[in-house]
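Chain order of the listed sequences is A and B.
Each residue of the first sequence is one higher than the one before, counting from 1 in our numbering.
Each residue of the second sequence is one higher than the one before, counting from 1001 in our numbering.
Note that beta-carbon positions come from the ideal geometry of N, C-alpha and C, so glycine has one too.
Data block below; observations after.
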Amino acid sequence: MKTHSLILKLSQYALLLLVTLCTALLCICVGSVNIPAKDTLSVIWDTLSGQPVEENVSGAVIAFVRLPRVLCVALAGASLSLCGCAMQGLLRNPLADGSTLGVSSGASVGAVLAIAFGISVPGVPLAGTMAMAMLFAFLSLMIILALSYRLDASLSTNTIILIGIVFNMFSSSVISLITSFAGDKVKDIVFWTMGSLADSSVTDVWTILGALLIFGTVILRYAKELNAFAIGEDNARNVGVDVKKVKLIVMIAVSALIGVCVSIGGVIGFVGLIIPHMTRMIVGPNHRRLLPATLFSGAIFLMLADLLARIILKPLELHIGVVTSVIGSFVFIFIFYTTRKAK
Amino acid sequence: MKCTKQTTAILAFCLLLALSGCGGAQSASVSDSELEASQTETAAGETSFTVTDMTGRDITLDGAATRVVALTASDCEILYAVGAGDTLVGRGEYCDYPDEVASIPTVQSGENTNIEQIIALKPEVVLMSSMAQTEEQVEALSNAGIQVVVSDATDIDGVYTAIELIGSVVGRGDQAEAVIQSMKQAFTDIEAKVPGDGSKTIYFEVSPLEYGLWTAGSGTFMDEMATMLGLKNAFADVEGWAEISQEQVIERNPDYIVTITIYDGQGDTPVEEIMGRQGWQSITAVQNGAVFNADSNEVSRPGPRLADAMESLYGFVYGDGSTGAETAAA
C-alpha cells in the first residue's frame, strides 16, 4: 500500500479539475442532436463570456438545454457523492448513503406532501417543495439513526441497512398513500416522482451551486473530525472532538444537500454509495484527500451516466437513475467481491 | 428499490394516461377484432344475441343491457352518445363526461378495480378497455353473472367499432350508426377543406417540461389527426407515447405545437409557459405564436369527441376561428 500525503497536492487538484472539465466538454458536445464541435465551442464561449447567443438550433440547444443540464448533473453528482462520503465516515459504515438509508426517499415524502397540500412560497417556484424535502431528509435521518441506536448502539452495518430498507419501504407506501388521497393533485405527484435533471434550467444550476457552496464547505471543514470518527466515536471524543456537535452539523448539512438534490432531480441511487468507494481506492481513506476528490469523481460519474441516458435510445430519453443503478450495481458487486477476496 | 420505484412511476403514468382514456398508447394488438353483427337485434330484452368484443371474445346477452357499468371514460362517453346514458348504473372514477355522469355512483378502475363494488351495483354488463382488465377480474365478474365487454380502440376505425359494439350491447344499433356517420362526416368535411400537403410539422406535448417532455408518436390518435390535418407529426418516428428531450424538439423545429397540459389556474398558462421557454425562441411555432392548448380528454379519449378535437385543431392550424381556438400572441 502506497502512502499518501495528508492533503491533495495542487497538481492533483489541477489534474482532477482538468478531467472534470474535459468530461463536461464531452457531455456538452455529444447529445441526441448532432452539432458540430466547432459550433458547440463557440456557443459555450459566447455563453460563458456573456455575449448574446445566436438564435439558431445549435445556439438554443447548447446554451439553454445542454449547458444547464450538464452543469446541474455535475453539481448533483458532486453533492450526492460528498454526502455519501460524509455519511460513510460519520457512521463508519461502508454502505451508508442517502439512498440506502432512506434519507432520499424521506426527502421525496416531504416533496410529495408539499405538492399534495400546495405548500409553496409565493414568487419562488420550487421553494416549498425544496424546504419540505430538506426538512424531511433531516427528520428521516434522525428517525433512522435514533432507531438504529436503540436497537444496536454499535451501529453495525446490518442494523443500519435493515432499518434503511424498512424506512425506504415505509416512505414508498406513505407516498402511495398520499397519492391515493391527493385527488386532483395526483397527476402533479406522479409527474414529480418521474421528474429528473433533464429539464434543468439555469435557476436550478444556481440553486444546487449555492447549496453545494454552503453545505459542501461545512462538510469539507469537518474532514479532520471525520477522520477521527473513522477510528471510532470514543477515539474522536478522546482527541477532543465535540462528537455530538460535529455529528449534528454534518447531518444537517448532508440532509440539506440531499433535500435540494432530490427536490430538483428526484432520487438518484447509487452515486453516493459507489463513488466514495471508488475514490477511496485511488486516494486512500483520509477524508482531507477523499472529500475533495469525491466532489470531482462524483461530478464526472454522473455526467457520464447522464450522457448515456441521453444517447442510448435517442431520440428517446432514459431516466438517469436507471443508468446509475445498473452501473452502480455491477461496480458495487465488483468492489465487494475484490475486497472480500483480498481478505 | 430504485428500479422498482422507477417502474412503478412509469406504470402509474401509463395508467393515468390509460384511465383518462388514451387508448392510443398501445400499439395495435388486436387488429382485426371486427364486430360480428348480432343475430337478432331487437329492442330491449326479447331475444338473446351474441356480440364479439374487441379482444375477440364472444358474449351472449339475453337481451339489450339495461344496467351497465362503464370503467373507461371513453366507453362512458360512447354510452351517452348513443342515447343509453340511462342504462349507466356505475362509472369508473375517471368518467367525467357528459356532466350528467356526476350523479352516477363511481367505482374504482384500472389496477384498483374493485370487483365487490361492481357486483354490488348489479349490472348486466361491464364495459372496460383492454388495459384495465386482468383475466382474473373478468372471470370473477362472469362467475357473478356479469358480462364483460372489452373495447380496445387504437385508431379512429377502432373507435367506430367500439361505438358499434356498445350500441348493440344496449340495443341502440341505429343511434350508434348515426353517431359513427356524423363522426365520419365531420372528419371528411375537415379533410376536404385541408389545404396542407404534409410539409408542415406539428409537435404534441403530452406532459410539460417541468415533469419531463412526453410526446405522442405514431400509432396515437394525435398522430392520426395530424395526418388528417395535412400535417406531419414531428415525432412520427417514435412509437406511442414517449419521453423525448428538449434538444430534439428544438432541432425538429415544429411549425405548430399542441399541448394537452391542463391549466391549474396558477401562474403561466401552458401556452405562456411554452412561449417563454429558454432556447425555444428559435422554433418556428414559438416565433409565430402557433402554440395551442387542446382539451386533453377530447384529443386522447377514443370516443365520439375526437371529432370535436379535430375541429378545434383545424381551427387552430387554419385559423378560421370556427372553434375560438386559443392562439397565443407572440
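query, result
"What span of residues does the beta strand (DSSP E) with A/Arg289 cover, start to end?", "Segment 287-311 is the alpha helix (DSSP H) holding A/Arg289; no beta strand (DSSP E) there."
"For A/Trp192, go through chain B and note every residue whose CB falls closer than 9 Å to its CB, in chain order.", "Glu1210, Tyr1211"
"Taking the DSSP output, what are the residues bridged to B/Lys1232?", "B/Thr1201"
"Taking buried to mean at least 16 other C-beta atoms within 10 Å of its own C-beta, is A/Ile231 buried or exposed?", "exposed"
"Please compile the residues from chain B whose C-beta is within a distance smaller than 9 Å of the C-beta of A/Ser32.", "Ile1244, Ser1245, Glu1247, Gln1248, Glu1251"
"Can you tell me where the beta strand (DSSP E) holding B/Ala1242 begins and where it ends?", "1241-1243"
"I'd like to know if B/Gln1117 contacts chain A, where contact means its C-beta is closer than 8 Å to some C-beta of that chain.", "no"
"Chain B partners of A/Ala78, CB-CB under 7 Å?", "Under the 7 Å cutoff, chain B gives no residues; its nearest Cβ is about 20 Å from A/Ala78."
"Would B/Val1238 count as contacting chain A if we go by Cβ distances under 8 Å?", "yes"
"Give the DSSP-derived three-state secondary structure of B/Ala1144 in the structure shown.", "coil"
"Closer than 7 Å by beta-carbon distance: list the chain B residues that pair up with A/Phe64, in chain order.", "Gln1278, Gly1279"
"Closer than 8 Å by beta-carbon distance: list the chain B residues that pair up with A/Leu316, in chain order.", "Val1238, Ala1242, Glu1243, Ile1244"
"Given this structure, state the Cα-to-Cα distance separating A/Tyr13 from A/Gly284, to the nearest angstrom.", "15 Å"
"Between which residues of its own chain and B/Ala1043 is the CB-CB distance below 8 Å, once the five residues before and five after are set aside?", "A caution first: B/Ala1043 carries a pLDDT of 49, below 50, which makes its placement in the model unreliable, though a value can still be read off. Within the same chain, B/Ala1043 has close Cβ partners Ala1064, Gly1171."
"So with Cβ pairs under 8 Å, would you call B/Glu1109 a contact of chain A?", "Checking the displayed sequence, the identity of residue 1109 of chain B turns out to be Ser instead of Glu. No, B/Ser1109 lies away from the interface with chain A (no Cβ there is under 8 Å from its Cβ)."
"Kindly indicate which three-state DSSP category B/Phe1049 falls into: helix, strand or coil?", "strand"
"Tell me the DSSP secondary structure of B/Ser1151 in three-state form.", "strand"
"In chain order, what residues of the same chain lie with their CB nearer than 7 Å to the CB of B/Gly1083, ignoring the 5 residues before and after it?", "Arg1172, Gln1175"
"With burial defined as no fewer than 16 other Cβ atoms inside 10 Å of the residue's Cβ, what is the status of A/Ser176: buried or exposed?", "exposed"
"Can you tell me which of the three DSSP states B/Asp1086 falls into?", "helix"
"For B/Ser1196, which residues from the same chain have a beta carbon less than 6 Å from its beta carbon, with the 5 sequence-adjacent residues on both sides left out?", "Correcting the residue type first, residue 1196 of chain B is Gly in the shown sequence and not Ser. Closer than 6 Å at the Cβ level, and outside the excluded window around B/Gly1196, lie Gly1230, Leu1231."
"Exposed or buried, which one is A/Leu37 when buried takes at least 16 other CB atoms within 10 Å?", "Before going further, note that residue 37 of chain A is Ala rather than Leu in the sequence given. Classification for A/Ala37: exposed."
"Can you tell me the Cα-Cα spacing of A/Ala305 and A/Thr324, whole angstroms?", "6 Å"
"What number of angstroms, rounded off, separates the C-alpha of A/Gly98 from the C-alpha of B/Leu1079?", "51 Å"
"Below 8 Å on the Cβ atoms is my contact criterion, and I expect A/Pro52 with A/Val205 to pass it. Report the Cβ-Cβ distance as a whole number of Å.", "No, A/Pro52 and A/Val205 are not in contact; Cβ-Cβ is about 19 Å, not under 8 Å."
"Would you say A/Ala60 reaches chain B, if we count a Cβ-Cβ gap shorter than 8 Å as a contact?", "yes"
"Output yes or no for whether 8 Å exceeds the beta carbon distance between A/Ser49 and B/Ser1245.", "no"
"Count the other CB atoms within 10 Å of the CB of B/Cys1022; is the residue buried (16 or more) or exposed (fewer)?", "Model confidence at B/Cys1022 stands at a pLDDT of 41, short of 50, so the residue's coordinates are unreliable and nothing is read from them."
"From this set, A/Trp192, A/Arg289, A/Thr20, A/Ala24, which residue's C-alpha is nearest A/Gly110's C-alpha?", "A/Trp192"
"Applying a beta-carbon distance threshold of less than 7 Å, which residues of chain B neighbour A/Met199?", "According to the sequence provided, residue 199 of chain A is Asp. The question's Met does not apply to it. Within 7 Å Cβ-Cβ: Leu1209, Glu1210, Gly1212."
"So what's B/Leu1061 in DSSP terms, helix, strand or just coil?", "strand"
"So that I know if they touch, is there some Cβ in chain E lying closer than 8 Å to that of A/Ser255?", "The structure shown contains no chain E; its protein chains are A and B."
"Would you mind telling me which residues of chain A sit closer than 8 Å to B/Ser1300, beta carbon to beta carbon, in chain order?", "Going along chain A, no residue has its Cβ under 8 Å from B/Ser1300, so there is no contact; the nearest lies around 13 Å."
"Between A/Ile258 and A/Ala107, is the Cβ-Cβ spacing less than 8 Å?", "yes"
"Quick one: which chain B residues come within Cβ less than 8 Å of A/Val348?", "A query on residue 348 of chain A cannot be resolved here, the shown segment of chain A reaching from 1 to 343 and no further."
"On the DSSP bridge list, what partners appear for B/Asn1293?", "B/Thr1259"
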